[in-house]
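A short write-up of the structure that comes next.
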Amino acid sequence: MFIIEIVLSFLAIALPVLISVAYLTLAERKVMGGMQQRYGPNTVGFLGLLQPMADGLKLLIKESVIPTNANTFSFIFAPILTFFLSLLGWSIIPFTSFSYFTNINISLLFVFAVSGLAVYGVIISG
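Heads up: the sequence shown runs through residues 1476 to 1601, numbered per our numbering.
Structure representation (structure tokens):
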């Protein structure tokens, strides 16, 4: 039961962050399209509001190309590690007095440690 609570509290933080990043990317693409005097992404859904979901689906079903001389495990594990460590930085931010994933006293040191570990994903990928 304790594991389920941890997973749900992590998802309660990670999903809104990921959704907001997707729609901020959509807004950025729309602004860039307007600055270049062309249409932004507007073909998927009403005013392109389903475009982030279409981009995510395309990313998930896209065929992976693994180089023949690469170590398969590290080639697949490196982006997962980098993504996990980037989301781990959000775990110490208290959104309200009741809503936080973890409450630690040395949170700034934790942020520095996690951001320092994020380099290993790039190093492992080669």
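Just so it is clear, CB atoms sit at the ideal spot from N, CA and C, and this is done for glycine as well.
*Is the distance from the Cβ of Tyr1595 to the Cβ of Leu1562 below 9 Å?*
Along the sequence shown, read from residue 1 onward, the residue named residue 1595 stands at position 120. Along the sequence shown, read from residue 1 onward, the residue named residue 1562 stands at position 87. No.
*Starting from the Cα of Val1589, find the closest Cα among Leu1560, Thr1547, Gly1601, Leu1499 and give me that residue.*
As a position in the sequence shown, residue 1589 is number 114, starting the count at 1. Checking every option, the nearest Cα to that of Val1589 belongs to Leu1560.
*Would you say the region 1519 to 1533 touches the region 1493 to 1504, given that touching needs at least three Cβ pairs under 8 Å?*
Three or more beta-carbon pairs separated by less than 8 Å link the region 1519 to 1533 to the region 1493 to 1504, which places the two stretches in contact.
*By a C-beta neighbour count over all protein chains shown, 10 Å radius and 16 as the cutoff for buried, is Pro1516 buried or exposed?*
Residue 1516 sits at position 41 when you count from the first residue of the sequence shown. Buried, because 16 or more other Cβ atoms sit within 10 Å of the Cβ of Pro1516.
*Report back the beta-carbon spacing between Phe1585 and Ile1579 to the nearest angstrom; my notes put them in contact at under 8 Å.*
Within the sequence shown, the letter at position 110 stands for residue 1585. Within the sequence shown, the letter at position 104 stands for residue 1579. With 8 Å as the limit, Phe1585 and Ile1579 qualify as a contact, their Cβ atoms being about 6 Å apart.
_Helix, strand or coil for Tyr1514? Go by DSSP, reduced to three states._
Translated into positions along the sequence shown, residue 1514 becomes position 39. In this structure, Tyr1514 counts as coil in the three-state DSSP scheme.
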